[in-house]
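Residue numbers (the working numbering): 102 to 560. All C-beta atoms, glycine included, are put in the ideal place defined by N, C-alpha and C. Only a predicted model underlies this, so the values are computations on that prediction, with no experimental measurement involved. Please read the structure below before turning to the comments.
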């Protein structure tokens, strides 16, 4: 199966294919568009990655594990259709998200009778997007060339995508597969996926000199998450009837890692990241309320994050970052079955601790970043176009030899890009790409809506 470039799950750049020493030959022609392209990518510090080309807190519990009865207000209490982890795209059609109230804060309203957004969840989403963008500014040559930078890479990769996926599951609890929900899912996830598959293919053709080859079943760069979310969302009704859904999802994830899977629809990531989506389905507002209000948890969380950083620094020299991408199985990682399973189980535990600690330190009240948490689909989809071009054209080449200093400068640039791409002017320009009108699936945007304030809610 053809490889595609740039790691879309962890901090960015590109990688030449399967891990070194894995025994799996890298497909240089497929990965980089020609027999001699892979060495060029390696020289640039870029990396490819299989499966992606390259470059409310009303504490109401429910007896049901997840689903329509999970929160007061029935199935309409959660967003069933949009790309929930990203938040509401600016100016999104009301029909796509009007039934999403799981981001409401204790039943409060926004003055129009609609549930108010929960700033905690919006803050969490935006901070995670910032980590995604920052990581994607780091070329692999820079990561592997500095122990400190690699430790930062490992630290980010340990929790940022699992946390994103967990939130996606949390906001998917109300999905039952009704026709209206399916229309929203197609309009909010599948259509942007198709649009950006074309855009990313065009950008990497220009920046990397690759032939323009559109393969819609093999997600490009960050588009893998849209493909995975589409599949995960469709499976929500299934997880309602499966006994012990989380242990089953863990077994599926482990089995996927011991199997040889192709790249279609980012299948390795769909299955290996699955437990975090299913865990999100099982969470309740009360769980997040405990993270936000428990003084011991909030005091311990920074210590857990610091310990994670120290462990990442200690383990960085001998750690293969491909373990965290969840796109390579045991054969590609050069591991035998038992050690592979033990490492994966350890990673589950570490990721759970890091994710919980991160959520515990997220600001609980409205901050200047809060409004950006409602529109995270914009920086998520747009930033990859910039990083693909930057790595391909070598715009970041002067910073690569600088080690931690270069990573620090790229970190500042990445955070600034995340903020910039969340602003209203950028959203207005990009709206036709991210929210293209689809007859029969979307309704016209209401005039006078203020994106990021009174817009429809998805998270």
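- Just the C-alpha distance for residue 491 and residue 336, rounded to the nearest angstrom, thanks. Counting from 1 along the chain shown, the entry for residue 491 is found at position 390. Counting from 1 along the chain shown, the entry for residue 336 is found at position 235. Between residue 491 and residue 336, the C-alpha separation is close to 37 Å.
- Message: I'd like the ranges of any beta strand (DSSP E) spanning at least 3 consecutive residues and lying wholly in the region 284-323.
- Response: none
- Query: For residue 389, does the count of other Cβ atoms within 10 angstroms reach 16, so buried, or fall short, so exposed?
  - Reply: To locate residue 389, count along the chain shown from 1; it is residue 288. Residue 389 comes out buried.
- Item | Neighbour-count burial assignment, residue 450, 16 or more Cβ in a 10 Å radius | For the purposes of this step, residue 450 is taken as residue 349 along the chain shown, with counting starting at 1. Its Cβ having fewer than 16 others within 10 Å, residue 450 is exposed.
- Could you check what DSSP says for residue 391 in three-state terms: helix, strand or coil? As a first step, residue 391 is located in the chain shown; it is residue number 290 there, counting from the start. Reduced to three states, the DSSP call for residue 391 is helix.
- Task: Consult DSSP for residue 218 and reduce its assignment to one of helix, strand or coil.
- Result: For the purposes of this step, residue 218 is taken as residue 117 along the chain shown, with counting starting at 1. Here residue 218 sits in strand by DSSP.
- With 16 as the cutoff for other CB atoms within 10 Å, does residue 269 come out buried or exposed? Position 168 of the chain shown, counted from the first residue, corresponds to residue 269. Buried.
- Task: Could you tell me the distance, in whole angstroms, from the CA atom of residue 332 to the CA atom of residue 539?
- Result: Translated into the one-based positions of the chain shown, residue 332 becomes position 231. Translated into the one-based positions of the chain shown, residue 539 becomes position 438. Straight-line Cα distance between these residues: approximately 21 Å.
- Secondary structure of residue 363, DSSP reduced to three states: The count along the chain shown starts at 1 and reaches residue 363 at position 262. Residue 363: coil per DSSP, three-state reduction.
- Message: Quick check: what's the CA-CA separation for residue 530 versus residue 476?
- Response: Here residue 530 refers to the residue found at position 429 when the chain shown is read from its first residue. Here residue 476 refers to the residue found at position 375 when the chain shown is read from its first residue. Taking the straight line joining both Cα atoms gives about 14 Å.
- Taking just the CA atoms, how far does residue 320 sit from residue 484? Taking the chain shown and counting its residues from 1, one reaches residue 484 at position 383. Taking the chain shown and counting its residues from 1, one reaches residue 320 at position 219. Between residue 484 and residue 320, the C-alpha separation is close to 16 Å.
- Task: Throw me the rounded Cβ distance for the residue 263 and residue 374 pair, which I believe falls under 8 Å.
- Result: As a first step, residue 263 is located in the chain shown; it is residue number 162 there, counting from the start. As a first step, residue 374 is located in the chain shown; it is residue number 273 there, counting from the start. Rounded, the Cβ-Cβ distance is 7 Å, consistent with contact.
- Message: Beta-carbon within less than 8 Å of residue 436's beta-carbon, same chain only, minus the 5 sequence neighbours each way: which residues are those?
- Response: On the chain shown, position 335 is the one that residue 436 refers to. Contacts found: 444.
- Considering residue 535, what are the terminal residues of the alpha helix (DSSP H) in which it resides? One-based indexing of the chain shown puts residue 535 at position 434. Counting along the chain, the alpha helix (DSSP H) containing residue 535 begins and ends at 525-535.
- Range of the contiguous alpha helix (DSSP H) that encloses residue 469: As a working mapping, residue 469 is identified with position 368 in the chain shown. No alpha helix (DSSP H) contains residue 469, which DSSP labels as neither H nor E.
- Spatial neighbours of residue 380 in its chain, beta-carbon cut-off 7 Å, leaving aside the 5 residues before and after: Here residue 380 is taken as the residue at index 279 of the chain shown, counted from 1. 267, 270 and 347, listed in sequence order.
- Task: Rank 519, 464 and 422 by C-alpha distance to the C-alpha of residue 253 and give the top, closest one.
- Result: Walking along the chain shown from the start, residue 253 turns up at place 152. Closest by alpha carbon: 422.
- Proximity to residue 404 [Cα-Cα], best of 434, 523, 428 and 457: Your numbering for residue 404 matches position 303 in the chain shown. Among 434, 523, 428 and 457, the Cα nearest to that of residue 404 is on 457.
- Task: Could you check the C-alpha separation between residue 227 and residue 411 for me, to the nearest Å?
- Result: Here residue 227 refers to the residue found at position 126 of the chain shown. Here residue 411 refers to the residue found at position 310 of the chain shown. So the two alpha carbons sit approximately 25 Å from each other.
- Task: Can you give me the start and stop residues for the alpha helix (DSSP H) that residue 561 sits inside?
- Result: Here the chain covers residues 102 to 560 and nothing more, so residue 561 does not appear.
- Query: Mapping DSSP to helix, strand and coil, what is residue 418?
  - Reply: Residue mapping note: residue 418 aligns to position 317 of the chain shown, counting from 1. Here residue 418 sits in helix by DSSP.
- Following the continuous alpha helix (DSSP H) through residue 506, name the residue where it begins and the one where it ends. Position 405 of the chain shown, counted from the first residue, corresponds to residue 506. That run of the alpha helix (DSSP H) goes 505-521.
- Message: Classify residue 542: buried if its beta carbon has 16 or more other beta carbons within 10 angstroms, exposed otherwise.
- Response: Counting from 1 along the chain shown, the entry for residue 542 is found at position 441. With 16 or more other Cβ atoms within 10 Å, it is buried.
- Message: Spatial neighbours of residue 291 within its chain, please: C-beta separation below 6 Å, excluding the five flanking residues on both sides.
- Response: The residue labelled residue 291 in the question sits at position 190 within the chain shown. Counting only Cβ-Cβ distances below 6 Å, and skipping sequence neighbours, we find 331.
- Does the pairing of the region 273-280 with the region 460-474 give three or more beta-carbon distances under 8 Å? no
- Query: Could you give the distance in angstroms between the alpha-carbon of residue 535 and the alpha-carbon of residue 439?
  - Reply: As a working mapping, residue 535 is identified with position 434 in the chain shown. As a working mapping, residue 439 is identified with position 338 in the chain shown. Rounded to whole angstroms, residue 535 to residue 439 spans 44 Å at the Cα level.
- Query: Given a threshold of 16 other Cβ atoms within 10 Å of its Cβ, counted over all protein chains shown, does residue 494 qualify as buried or as exposed?
  - Reply: The sequence position of residue 494 within the chain shown is 393, counting from 1. So residue 494 ends up on the exposed side.
- Query: So is residue 512 buried or exposed if we call it buried at 16+ other beta carbons inside 10 Å?
  - Reply: Within the chain shown, residue 512 is the residue found at index 411, counting from 1. So residue 512 counts as buried.
- residue 446 burial status per 10 Å Cβ neighbour count (16 or more: buried): Indexing the chain shown from 1 puts residue 446 at position 345. Its Cβ having fewer than 16 others within 10 Å, residue 446 is exposed.
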